[in-house]
Each structure stands twice: as structure tokens, then as C-alpha cells.
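Residue numbers (UniProt numbering): 1 to 79. Have a look at the structure below, then the notes.
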Amino acid sequence: MSRVCELTGKKAMVGNNVSHALNRTKRKFNANLVKKRFYLPEEDSWITLKVSTSALKTINKIGISAAIKDAKSKGFLTK
Numbered sequence: 001m002s003r004v005c006e007l008t009g010k011k012a013m014v015g016n017n018v019s020h021a022l023n024r025t026k027r028k029f030n031a032n033l034v035k036k037r038f039y040l041p042e043e044d045s046w047i048t049l050k051v052s053t054s055a056l057k058t059i060n061k062i063g064i065s066a067a068i069k070d071a072k073s074k075g076f077l078t079k
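This is the structure we're talking about:
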């Protein structure tokens, strides 16, 4: 499974390692993702999502239902 946040669409970026001598080699900056279970009281069920830690802060702020609704409207969550 790809390393993409299911709520925000964040994914890995590509950049360079830069040595002291300014030699550059390619590297990846992966998104900070965690697999987390959330309870949906409207559906009386649990769902498991792979979300970024910044999405967790958003969920804590606005709630899981609003975050899922927002992600569906932006086309990130297809479930």
C-alpha cells in the first residue's frame, strides 16, 4: 500500500542529501503517517485510516465526521 494520507493526500516528496562537500544524492522525504482506528457514532462502527500526524491534529480540532466529510468533498477518501 502506498504511503499516502487518506484524509489530506500527503505523500512522499523527493529531494537531495547534501554533504559537506555539496555532493547531492537523491532521497525521499516520507510523510509522517500512522495507522489509527476511529469510532464513527453516526454509523456505530470503527474505521481504520492511514493518516498523517497533521491530519490527526485536524481530527482533534474539528472531529472525525467533519474531517471525513471534507476529505470526501476534496476527493481523497473514496470509502
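C-beta atoms are modelled at their ideal positions from N, C-alpha and C, and glycine is treated no differently.
Chain-order list of residues whose beta-carbon lies under 7 angstroms from that of residue i (same chain, five-residue window excluded)
i	result
I64	F38, L40
residue 96	Look at the range of the chain in this structure, 1 to 79, and you will see that residue 96 is not part of it.
Cβ neighbours of residue i in the same chain (closer than 6 angstroms, five flanking residues each side left out)
i	result
A55	C5, L7, T8
K26	none
T48	R37
Beta-carbon gap between residue i and residue j smaller than 7 angstroms
i	j	result
K10	S73	no
Supposed close pair residue i, residue j - CB separation, criterion 8 angstroms
i	j	result
R24	N32	In fact, because the Cβ distance is near 24 angstroms, the residues do not count as touching under 8 angstroms.
T78	A67	The Cβ separation is near 15 angstroms, so there is no contact.
A12	K28	5 angstroms
Proximity to residue i [Cα-Cα], best of the options
i	options	result
R3	G15, N30, V14, A21	N30
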